[in-house]
Amino acid sequence: MAEQDAPAVVWFRDDLRVSDNPALREAADSGRPVIAVYVLDDSGDTGRPLGGASRWWLHHSLAALHASLVKRGASLLLRHGDAAEEVADVVRRSGAGLLTMSRRYNRGEREQDDRAVRAAEQAGAEVSLHTAALLHEPGEVLNGDGERFSVFSPFFRALTAKGAPREPLPAPAALRGWPGPIETEELADLGLLPTEPDWSAGLGETWTPGEKGAHHRLEEFLAHRLAHYADGRDLPAAEVTSRLSPSLKFGEISPYQLWHRVQQADVPAEVRTKFLTELGWREFDYDLLDAHPDLDTVNVHRGFDAFPWADVDDEVLAAWQQGRTGVPLVDAGMRQLWHTGWMHNRVRMVTASFLIKNLRYDWRVGERWFWDTLVDADPANNAAQWQWVAGSGADAAPFFRVFNPVLQGQKFDPKGEYIATWVPELRHLDAKGRHEPWTVPSTLDADAPAYPAPIVDLKASRQEALDAYQRMRG
């Protein structure tokens, strides 16, 4: 086989796009036939298997990627199993001369990549890895002493001081497909979609996964919402956030594309910076994951290992999960999460604080639920932000900062519009009643669907949490 006939294998992972994909670009520019492959590896060897909502997203994102590849002359090969072994099998069976892929960042993924690299090289293929999911590799943004940052603000200043990230790469106009036979699976056979029951109707109503949908959301955000982002990002009823987090998680859009498009927007510089700070948090969280590979299970500040968490009551936990706590802002957020696979960031903090500090349940209990129900469940962001609320993480909110869900609602959802959207039992009430329905005489809501009384006293439980924190500190 002539060198230019030996195919290039592109191993897709969390980079499900054809534009600004350095791995795909290298394969296309090599002139070789291209074999694009995705392997569903839910063994747990590389980290936790995807949660249910993320699996739903992945199914549709893979379908969109396959369609994009077909338009350019290639297709998407699907496998299921140990990803390193499956990719090595593709390399060997095809006689590939090149394996190219984007870097991944949790410990198990890196170990698996090392195995795949060794196997490909033993089979005679060249291997290249590209930075595509982050603006900078973890550990590259350091302080003046050459150490990692433990606080976000100086990290972000150092990140931006490095200058603008590279320009995004264009999508290849055409790909040279590989004609050889090779085993593949059907997308439906991967079993990514929920059945018995199919609970995904709300996700389908809310999202259009895939690269095209991601760029549509970005352009809509830039045209209509970015100008209001700085002032409205904390208002859950305002709908001014980008909702691009699941697309970033699956790599349907790159942080380079997002950074440069936002910088081109005709809005004040401080507005652009406010939004790009969120990309900075994503970089910071991945730096934290690199330094703490067990971020989803082990406290960054190990003193929290001694925190006296309460025993979990399954009925109370289910009330939180299902939005039946009797605390309106908490319930609105948890119902939004269940229906759409997403929750407004301000409300994420409130619902997490309620679980950790009012119920005094271990933050890992909530982190696991979010992992299963979020379409943007990200191994760095999800764990880091739960630890942030708990006070056990890097640059964390102090434990004694307890978000009062009533005051948070009154401040950031003053008319109770967000609550009315997701807790229809309270729509007939005025703003005060929506935030504090227990103050409304029963005669005023006798015809409304029943809404539960709070499952916990907010004031008393706050004090119990603070007392527990003091016991931990000795």
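For the sequence shown, the numbering used here assigns the number 1642 to the last residue and increments by one with no breaks.
We treat Cβ as the ideally placed atom computed from N, Cα and C, and that holds for glycine.
All values derive from a computational prediction rather than experimental measurement.
- Three or more beta-carbon pairs separated by less than 8 Å link the segment 1528-1537 to the segment 1470-1484, which places the two stretches in contact.
- For L1192 and L1343, the gap between their C-alpha atoms comes out near 9 Å.
- Boundaries of the beta strand (DSSP E) harbouring H1248: 1244-1248, taken from the DSSP string.
- In the DSSP assignment, Y1206 forms a beta bridge with F1180, L1246.
- Of P1605, F1571, V1591, the smallest CA-CA separation from Q1631 is found for F1571.
- Pairing Q1504 with W1606 gives a Cβ-Cβ distance that is not under 7 Å.
- Proximity to W1556 across V1319, R1283, G1312, H1228 peaks at V1319, based on C-alpha coordinates.
- Cβ-Cβ separation between G1359 and L1184: approximately 18 Å, too far for a contact (criterion under 8 Å).
- Selection I1421, T1409, L1386, R1385 evaluated against H1396 yields T1409 as nearest (Cα-Cα).
- Counting along the chain, T1268 sits inside the beta strand (DSSP E) bounded by residues 1266-1270.
- By the Cβ neighbour-count rule, G1509 is buried, with 16 or more other Cβ atoms within 10 Å of its own.
- Restricted to the segment 1387-1463, the alpha helix (DSSP H) segments that are unbroken, complete and at least 4 residues in length are 1397-1400, 1413-1418, 1423-1431, 1437-1459, listed in chain order.
- Taking 7 Å as the cut-off, the Cβ atoms of V1295 and L1267 count as close.
- Here DSSP, grouped into helix, strand and coil, assigns S1198 to coil.
- For V1533, the secondary structure class from DSSP, reduced to helix, strand or coil, is helix.
- In summary, F1568 is exposed, with fewer than 16 beta-carbon neighbours lying within 10 Å of its beta-carbon over all protein chains present.
- In the structure shown, E1294 falls within a strand segment according to DSSP collapsed to helix, strand and coil.
- The beta carbon of P1622 lies closer than 6 Å to those of G1494, V1495 in the same chain, with the five residues before and after it left out.
- Of all alpha-carbon atoms in V1543, F1452, H1603, I1524, the one lying nearest the alpha-carbon of H1304 is that of F1452.
- Your pair E1379 and S1187 checks out as a contact, with CB atoms roughly 7 Å apart and the cut at 8 Å.
- Distance between T1519 and A1339, taken at the CA atoms: about 40 Å.
- Residue pairing from DSSP leaves R1492 without any beta-bridge partner.
- By the Cβ neighbour-count rule, Q1576 is buried, with 16 or more other Cβ atoms within 10 Å of its own.
- Fewer than three beta-carbon pairs drawn from the segment 1228-1238 and the segment 1251-1258 are found closer than 8 Å, and the two stretches are therefore not classed as touching.
- Distance from the Cα of D1213 is smallest, within the candidate group A1551, L1457, A1252, F1317, for A1252.
- The beta carbon of M1517 is closer than 7 Å to those of V1557, F1571 in its chain, skipping five residues each way along the sequence.
- With fewer than 16 other Cβ atoms from the protein chains shown falling within 10 Å of its own Cβ, R1286 counts as exposed.
- Three or more Cβ pairs closer than 8 Å define a contact, and the segment 1200-1217 meets that threshold against the segment 1237-1249.
- DSSP, read as helix, strand or coil, puts L1485 in helix.
- Boundaries cannot be given for S1368, as no alpha helix (DSSP H) includes it and DSSP labels it neither H nor E.
- DSSP places L1597 outside both helix and strand once states are collapsed to three, so it counts as coil.
- If you look at D1625, you'll find it isn't in any alpha helix (DSSP H); DSSP assigns it neither H nor E.
- Per DSSP, the continuous alpha helix (DSSP H) segment holding F1324 begins and ends at 1320-1329.
- With a threshold of 16 other beta carbon atoms within 10 Å, T1376 falls short and is exposed.
- According to DSSP, residue pairing for L1310 in a beta bridge involves R1316.
- Residue pairing by DSSP puts G1345 in a beta bridge opposite V1202.
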